[in-house]
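Below is one structure, written out as structure tokens; the observations come after it.
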Amino acid sequence: MMNLAADDPEGQARVAAFLQGLQETGWAVGRNAQIDIRWGMGDPERIRKNVTELIALTPDAIFATTFPTVVALQQATRTVPIVFAGLFDPVGAGLVTSLARPGGNTTGFASFEYGLSVKWLELLKQVAPRVTRVAVLRDSLTPVGIGQLAAIQGVAPSFGVELTPIVVRDAAEIEPAVAAFARSPDDGLIVTIGTLTDAHRDIIGEIAARHRLPAVYPFPFFVRSGGLISYGTDITDLYRRAAGYVDRILKGEKPADLPVQQPTKVQLAINIKAAKALGLEVPPALLARADEVIE
31 MMNLAADDPE
41 GQARVAAFLQ
51 GLQETGWAVG
61 RNAQIDIRWG
71 MGDPERIRKN
81 VTELIALTPD
91 AIFATTFPTV
101 VALQQATRTV
111 PIVFAGLFDP
121 VGAGLVTSLA
131 RPGGNTTGFA
141 SFEYGLSVKW
151 LELLKQVAPR
161 VTRVAVLRDS
171 LTPVGIGQLA
181 AIQGVAPSFG
191 VELTPIVVRD
201 AAEIEPAVAA
211 FARSPDDGLI
221 VTIGTLTDAH
231 RDIIGEIAAR
241 HRLPAVYPFP
251 FFVRSGGLIS
261 YGTDITDLYR
271 RAAGYVDRIL
281 KGEKPADLPV
291 QQPTKVQLAI
301 NIKAAKALGL
311 EVPPALLARA
321 DEVIE
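For the sequence shown, our numbering begins at 31 and goes up steadily by one.
Here you go:
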């Protein structure tokens, strides 16, 4: 179960990575595996519909992404094994009992911890030192954004930054909310992890550019879509690794006995074109640390 749209290149890349992971463990569509892919498009109603339809198919396992999707699945079944990828703080969100012993029918691959959120503000100040007002954009569908905001608030005074939380419920609310905030060259933006923000990253990037807001994002795919800078997990890699858990479950292991895995690498991605459009010069030391640079 995917959160993005079926024609989204990032979504297609993630599905390809997952299928590659399955193939590496001996599963092939049409030979010994049948796979039904559903696309949520960041729409809560569509997600619920997808969940109902998939559970009715009585699958042997479900691979899912995003907090709302996994919650909906857990509400629909306590027996069908669920493997997730890219979820933030699954223990705090109540999806699993613990990382070591998840319990229930759900396990998977988490993205990272709340403490990493503070790095977003640090990076914003490095690439745009004059920023003193920062909006933190999160969507109401994903409660972990509250914890990310709290972590950033804890360090904001040390950076001389005033934070403005922006909470949106759908894509239509993003433009007016950001426009109401942006009023000076000293403004910046941090986008937290969320079902809505992921699905509408192109819109968010365009809005940030239109209002000339230096912005930091949680994942590299935001930067590939035109965003300025990101610091976070390569979600595509988590999809590939998650296929290994699906394989183990299909071969008889139980989700309750498979520890939730943490990311093995955090990536820094920088978009030079976006920086130039904002009149920013990325510090050479920061550029040298980047795992991915988009010219």
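Where a beta carbon is used, it is the ideal one built from N, C-alpha and C, also for glycine.
Residues sharing a beta bridge with residue i, DSSP
i      : result
Asn301 : Ile324
Gln105 : In the DSSP output, where bridge partners are listed per residue, Gln105 has none listed.
Arg168 : Val197
Asp217 : Arg163
Leu117 : Ala140
Gly252 : Before going further, note that residue 252 is Phe rather than Gly in the sequence given. According to DSSP, which records beta bridges pairwise, Phe252 is partnered with nothing at all.
Ile279 : None, per the DSSP bridge assignment.
Ile92  : Ile112
Met32  : Trp69
With 16 other Cβ atoms within 10 Å as the buried cut-off, status of residue i
i      : result
Gly60  : exposed
Thr225 : buried
Arg213 : exposed
Gln105 : exposed
Glu6   : Past the boundaries of the shown model lies residue 6; the chain is included only from 31 to 325, so the question cannot be answered.
Asp169 : buried
Pro187 : exposed
Asn62  : exposed
Ala299 : buried
Pro248 : buried
Gln178 : buried
Val157 : buried
Asp287 : exposed
Leu171 : buried
Contact check, residue i vs residue j, beta carbons under 8 Å
i      : j      : result
Ala94  : Phe114 : yes
Val246 : Leu129 : no
Gly175 : Ile223 : yes
Ala272 : Gly70  : no
Gly235 : Gly256 : yes
Val100 : Thr136 : yes
Gly72  : His230 : yes
Leu151 : Val185 : yes
Arg120 : Val296 : According to the sequence shown, residue 120 is Pro rather than Arg. Taking 8 Å as the Cβ cut-off, Pro120 and Val296 do not qualify as a contacting pair.
Nonlocal neighbours in the same chain, by C-beta distance under 6 Å from residue i, ignoring five residues either side
i      : result
Thr194 : Ala165 and Phe211
Leu317 : none
Ile65  : Val59
Val81  : Ala102, Leu103 and Ala106
Asp232 : Ser255
Ile302 : Glu325
Ser147 : Gln178, Ala181 and Ile182
Supposed contact pair residue j and residue i - C-beta distance, whole angstroms, cut 8 Å
i      : j      : result
Leu258 : Ala304 : 4 Å
Thr266 : Ala47  : 5 Å
Arg68  : Leu84  : 6 Å
Pro293 : Phe97  : About 17 Å; that fails the 8 Å criterion.
Pro89  : Ile279 : With a Cβ gap of about 11 Å, Pro89 and Ile279 do not count as contacting.
Ile196 : Ala209 : At roughly 11 Å, the Cβ-Cβ gap does not stay under 8 Å, so Ile196 and Ala209 are not in contact.
Spatial neighbours of residue i in its chain, beta-carbon cut-off 8 Å, leaving aside the 5 residues before and after
i      : result
Arg362 : Residue numbering for the chain in the displayed model covers 31 to 325; residue 362 lies beyond these limits and cannot be assessed.
Pro215 : Arg160 and Arg242
Met32  : Gly41, Arg44, Val45, Ile67, Arg68, Trp69, Gly70 and Thr95
Residue-level contact to chain B via CB, residue i, 8 Å cutoff
i      : result
Asn135 : Given the protein chain composition of this structure (a single chain), no chain B is represented.
Close Cβ partners of residue i (< 7 Å) along its chain, the five nearest in sequence each way excluded
i      : result
Arg270 : Ala47, Phe48, Gln50 and Gly51
Thr55  : Ala273, Gly274 and Asp277
Gln183 : Leu193
Ile321 : Strictly speaking, residue 321 in this sequence is Asp, with Ile absent from that position. For Asp321, where only same-chain residues beyond five positions count, the Cβ hits under 7 Å are Gln297, Leu298 and Ala299.
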